[in-house]
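So that you can map any letter, position 119 of the sequence shown is 118 in numbering that gives the first Met the number 0, and since no number is skipped, the others follow by simple counting. Beta carbons: idealized from backbone N, C-alpha and C, even for Gly. Small disclaimer: the values here were computed from a predicted structure and weren't measured. Following: one structure in structure tokens, then a few remarks.
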Amino acid sequence: MKRTLTWWDLIWFGIGAVIGAGIFVLTGQEAKEAAGPAVVVSYAVSGVSAMLSVFCYTEFAVEIPVAGGSFAYLRVELGDFMAFIAAGNILLEYCIGGAAVARSWTSYFATLLDHHPNDFRVHAPALSEDYSRLDPIAVAVVLLICLFAVLSTKGSSRFNYVLSIVHLAVIAFIVVAGLTRAKAANLTAHFAPFGARGIFAASAVLFFAYIGFDAVSTMAEETRNPARDIPIGLVGAMTLTTAVYCVLALVLCLMQPYSEIDPDAPFSVAFTAAGMDWAKYIVAFGALKGMTTVLLVSAVGQARYLTHIARTHMVPPGLAQVHPRLGTPVNATVAMAVATAVIALFTDLGILSNLLSISTLFIFMLVAVALLVRRYYGAGETSAADRNKFAACLAVIMASSVATSAYWGMTSAGGGGWVPYAATVAAWLAATLFLQCGVPKARAPKTWGVPLVPWLPAASIFINIFLLGSIDAASFVRFGVWTAALLAYYFLFGLHASYDTAKALAAEADAARVEEGARKAGAAAAGTCR
């Protein structure tokens, strides 16, 4: 693909990918029902988890600058199987998330015109309730965004950061105008009414608001200087995003008591309650801008994931074709847009934020594991003793993280002492310390690497798994069903296709070596005759 993007483009892609529907939709829901004003802390916890994952993604994106994102990274370090499971969940996240944002676009568009969202939807009573409100506007928005993404990545970048600048201006208005109606008592009277459990439960759901930065890592193949541009772009975007989220949540909780916050349109209702009804139009306008950029970056990122998967023949290879003139993966972009549009047309996806979070936390945990594998294990280089020590340390890190998360989840109804936490955290600390001091690294990054290895990726594993313990059981069931479907496809189709492709490539390489050897032999014989 054409290398046209700089760190400036990546920062704005990151902002456009992340700051969208999550902050405008989920903040009110989690503040009222899960965390209270401590939703600010929930956003910070989710932001720390996302930032740890950003560092892990950044090293891979610099070292493996191709379009496949986490699929490419996991395939190199953990093999085809884990890579395909991860990729399937990322594509699920993109489709459902994009469809949810597209339907939210219709809702905010209706607010802007003083209409109810269902005024713009077609009721199909023959369908079940969750699928009966057909949304043609959402479909039109998805297809228009697809057109932008197909025509030009650089053009999409310019369009994105123009919209992102407008979006940040609207956010600045919300902050300044909201602070003029702030009451400190709303924040301090009951800061954490649901306790620490509510804070972490909200963090798990609010992770949906950070989903999208991984799409920026898929643009490494189109970045001019990946070693410089990707770290600046990803870390800069996530730092700014976390700060914006915490400030917006703080302003909302200062404007209204948490019990009065509207779960569906929190900022609009807060301004109306404060006597600034006119401001709800600016909020709706800003939300539309934010959701448009989220859809744009999502369209660009998901197509590049699918392109890289198609290059391995795990899905039809025609999806990997790049248009010779436009330099963009047209087939993959259109395929993902059609899937997103179909879901957006039929389905009310407000209840699926937990499913999106669970799949993303799972992927980010795997990327952190892959980073440790990359640093501490090299085939043919790491001795058997060092390999076993590394495997034992990694197993303890994973087991202690799962045990902490499971105990947290099982005691969600109340009760539970601190002793199990002390034991599991101590085991995590001991395993990470031994990994640092007792196991030599197999390789060092060539240009840019994650600092504080193994502590930073081990912390990413721990916090991602811990947040999974705060997600409801029904989401795990849906996650299991989707994963089972992926396994069936992989073993019936994907595995055989990728094996055949690898075998064909190996045969071509052998033929090329034979041909080269024959050419050299012929040249040598000709020289002898002369």
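In terms of DSSP beta bridges, what is residue 4 paired with? 222
Rounded to a whole number of angstroms, what is the C-alpha to C-alpha distance between residue 492 and residue 125? 35 Å
contact_flag[the stretch 233-248, the stretch 267-281] where n(CB pairs < 8 Å) is 3 or more: no
Host alpha helix (DSSP H) of residue 79 (start-end): 79-111
According to DSSP, is residue 133 helix, strand or coil? strand
Could you check whether the stretch 52-59 touches the stretch 258-269, counting it as contact only if at least three pairs of C-beta atoms, one from each stretch, sit closer than 8 Å? no
Let's see if you can read the secondary structure: which residues bound the alpha helix (DSSP H) around residue 322? Here residue 322 belongs to no alpha helix (DSSP H), and DSSP marks it neither H nor E.
Leaving out the 5 sequence neighbours to the left and right, which residues in its chain are closer than 6 Å to residue 6 when beta-carbon positions are compared? 228, 231, 232
Look at the Cβ atom of residue 449, then the Cβ atom of residue 456, and state whether they are nearer than 8 Å. yes
So, are the CB atoms of residue 534 and residue 199 less than 8 Å apart? Lying outside 0 to 529, the shown extent of the chain, residue 534 is not represented and no answer is given.
Check the C-beta distance from residue 142 over to residue 340 and give it rounded, since I have them as a contact under 8 Å. 6 Å
Which whole-angstrom value is the C-beta distance of residue 53 and residue 104, which I expect to be below 8 Å? Not really, about 27 Å apart at Cβ, beyond 8 Å.
Is residue 122 helix, strand or coil by DSSP? strand
C-alpha distance - residue 504 paired with residue 120, whole-angstrom precision: Because the pLDDT of residue 504 is 48, which lies under 50, any placement of that residue in the model is unreliable, and the question is left without a value.
Between which residues of its own chain and residue 370 is the CB-CB distance below 6 Å, once the five residues before and five after are set aside? 55, 456
Whole-angstrom Cβ separation of residue 302 and residue 101, contact assumed at under 8 Å? Rounded, the Cβ-Cβ distance is 16 Å, inconsistent with contact.
Under DSSP, the alpha helix (DSSP H) around residue 277 begins and ends at which residues? It is not in any alpha helix (DSSP H) - residue 277 carries neither H nor E in the DSSP assignment.
On the three-state DSSP scale, how would you describe residue 247? helix
Mind checking residue 118: buried by the 16 CB within 10 Å criterion, or exposed? exposed
Under the assumption that residue 481 contacts residue 91 (Cβ atoms under 8 Å), give the Cβ distance between them as a whole number of angstroms. 6 Å
If I measure Cβ to Cβ from residue 362 and keep anything under 7 Å in the same chain, skipping five residues before and after, which residues do I get? 69, 85, 88, 89
Nearest-angstrom beta carbon gap, residue 331 and residue 305 [assumed within contact, 8 Å]: 4 Å
Name the two residues that bound the continuous alpha helix (DSSP H) containing residue 198. 194-205
Three-state class that DSSP yields for residue 443 in the structure shown: coil
Touching by the beta-carbon criterion (3+ pairs, under 8 Å), the stretch 34-50 and the stretch 245-253: yes
With DSSP as the reference, label residue 63 as helix, strand or coil. coil
Secondary structure of residue 182, DSSP reduced to three states: coil
How close, in whole Å, do the beta carbons of residue 181 and residue 41 come, if the pair is a contact with beta carbons under 8 Å? Actually they are not in contact, since the Cβ atoms of residue 181 and residue 41 sit about 20 Å apart, beyond 8 Å.
Who are the Cβ neighbours of residue 396 in its own chain at under 7 Å, not counting the five residues just before and after it? 427, 430, 431, 457, 460
By alpha-carbon positions, which one of 312, 410, 328, 259 ends up nearest to residue 189? 259
How big is the Cα-Cα spacing for residue 184 and residue 205? 25 Å
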